[in-house]
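As structure tokens, the structure follows; a few thoughts come after it.
Numbering (my numbering), first residue to last: 5 to 430.
Structure (structure tokens):
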């Protein structure tokens with residue numbers, strides 16, 4: 005203890021002795037039983053005084069701060085995926101007349117990445133181009149377990165109003181709502197390191213010429229998108245070989261995603277009722293304000309007429325307030341909830357891809373087993389002419405089984421990383 009007071013505390017790592025302190029002791033004391041006990045007591049006392057526990061002591065923070073492999077892996081991925089890309093969708097412009105008209109949006113990009121031709125550039129894209137980008141990414145990336153951000157839903161009624169009259173207030177609101185949704189859609193894509201490297205994304209952001217017209221986009225947004233996700237889930241549920249999940253992490257996360265999606269759907273329905281209630285309240289307030297104004301104009305008593313007119317003015321302001329609240333609830337709350345519901349559907353889709361990979365692996369194993377049984381029958385029947393072909397088929401299917409198993413493991417790692425990234429991003 006005197007030695008600890010006279011000398012500055014030493015930094016001690018767990019399970020490592022202190023050579024400097026050992027040199028200060030008498031050489032003979034180190035080899036006696038009493039000297040060894042004193043040495044151990046001093047090491048334990050010094051370690052605790054410096055905030056370091058020995059191997060026998062329980063780590064008080066081990067439970068509070070678990071360092072799992074996936075946490076470290078995710079931190080490494082986030083450090084590796086640091087990049088600077090900013091995308092904005094602005095200046096919607098109506099092009100054409102009548103029912104052939106469409107709205108084009110200015111897509112501006114600012115970046116410091118060297119893979120782009122310049123630091124700032126902008127292009128004009130129509131709504132079908134955004135749907136076409138989603139279609140291309142789904143074909144290439146979703147099969148590997150990536151979460152593809154869904155595009156905003158189509159609205160035939162809203163777009164028809166825009167084609168008829170762009171200056172209508174409801175048309176202006178619809179265009180602004182779609183512009184914000186498209187911007188969120190692109191920002192999620194460029195925030196994903198794998199999707200950002202895709203050539204179709206870079207072409208979408210950089211190519212100044214109009215993109216080829218996308219086809220078959222009817223099923224890629226709105227109710228069509230949800231039907232596509234549900235159809236894929238039904239196909240997984242109807243698999244002939246049921247998956248015996250060995251990793252409970254995937255099962256727990258999938259149940260969490262499903263529960264969250266159900267809760268958001270219930271909340272979205274309640275918010276829709278709230279928005280409709282505010283709209284009805286807005287209309288009733290406007291009628292009441294108009295009635296008070298007419299009553300004030302017809303009143304002979306000056307004081308009463310003035311009071312009714314002031315009441316009408318207050319109701320007019322309340323009507324505007326209710327209208328603003330309804331718009332805020334719809335654009336900020338309801339639309340964002342619908343956006344996240346579609347995004348959770350995409351998360352379920354990546355789990356379905358892992359299930360399909362497992363199903364493909366199991367079917368290949370079943371086929372390999374049948375090929376081996378056929379080879380055994382040929383050996384028993386003594387048919388050497390067909391035996392060579394059977395061996396070649398067995399070798400082929402053994403290779404497929406190995407490849408499908410690797411695909412399943414790789415997709416599982418991708419899904420795990422994608423879900424963790426999704427949990428961090430929201």
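Just so it is clear, CB atoms sit at the ideal spot from N, CA and C, and this is done for glycine as well.
For residue 301, the enclosing alpha helix (DSSP H) begins and ends at 252-302. For residue 96, the enclosing beta strand (DSSP E) covers residues 89-99. For residue 279, the closest alpha carbon among the candidates 405, 334, 96 is that of 334. Residue 214 and residue 189 have their alpha carbons spaced roughly 20 Å apart. From the listed residues 428, 429, 420, 425, the smallest Cα separation to residue 253 is found for 420. Linking residue 161 to residue 410 through their CA atoms gives a straight-line distance of about 47 Å. Assignment of residue 211 by DSSP, reduced to helix, strand and coil, places it in the coil class.
Where residue 130 is concerned, the enclosing beta strand (DSSP E) starts and stops at 124-130. Per the coordinates, the alpha-carbon of residue 271 lies some 24 Å from the alpha-carbon of residue 152. Between residue 365 and residue 412 a beta carbon distance of about 5 Å is seen, short of the 8 Å cut, so the two are scored as contacting. The count of Cβ pairs closer than 8 Å, one atom from the stretch 279-294 and one from the stretch 324-332, reaches three, so the stretches are in contact.
By the neighbour-count criterion, in which 16 or more other beta carbons inside 10 Å mark a residue as buried, residue 175 falls on the buried side. Under DSSP, the beta-bridge partners assigned to residue 111 are 93, 127. In this structure, the beta-carbon distance from residue 93 to residue 117 does not fall below 9 Å. Taking a 10 Å sphere around the C-beta of residue 293, we find 16 or more other C-beta atoms and assign the residue as buried.
Looking at the DSSP output, residue 106 sits in a beta bridge with 99.
In the displayed model, residue 119 falls within coil according to three-state DSSP, outside both helix and strand. It is roughly 57 Å from the alpha-carbon of residue 318 to the alpha-carbon of residue 143. A distance below 9 Å separates the beta carbons of residue 141 and residue 204. Taken through DSSP and simplified to helix, strand or coil, residue 150 comes out as coil. The alpha-carbon of residue 263 is positioned some 25 Å away from that of residue 196.
About 6 Å separates the beta carbon of residue 286 from that of residue 323, a gap short enough to meet the 8 Å contact definition. Distance from the CA atom of residue 303 to the CA atom of residue 326, rounded to whole angstroms, is 28 Å. For a cut-off of 8 Å, the C-beta gap from residue 368 to residue 408 is around 5 Å, short enough to register as a contact. Taking C-beta atoms as the reference points, residue 132 and residue 192 fail to come closer than 9 Å. Separation of the CB atoms of residue 138 and residue 155 is rounded to 5 Å, and the pair is thereby assigned contact status at 8 Å. Inclusion of residue 149 and residue 414 in the CB contact set at 9 Å is warranted, their separation being smaller than that value. In this structure, the CA atom of residue 168 is about 26 Å from the CA atom of residue 127. In the three-state reduction of the DSSP assignment, residue 159 falls in the coil class, being assigned neither a helical nor a strand state. Burial check for residue 91: the Cβ neighbour count within 10 Å reaches 16 or more, so the residue is buried. The C-alpha of residue 119 lies about 14 Å from the C-alpha of residue 199. Residue 145 and residue 354 have their C-alpha atoms some 10 Å from each other. DSSP places residue 249 outside both helix and strand once states are collapsed to three, so it counts as coil.
Rounded to the nearest whole angstrom, the CA to CA distance from residue 313 to residue 299 is 8 Å. Per DSSP, the unbroken alpha helix (DSSP H) holding residue 426 starts and ends at 388-429.
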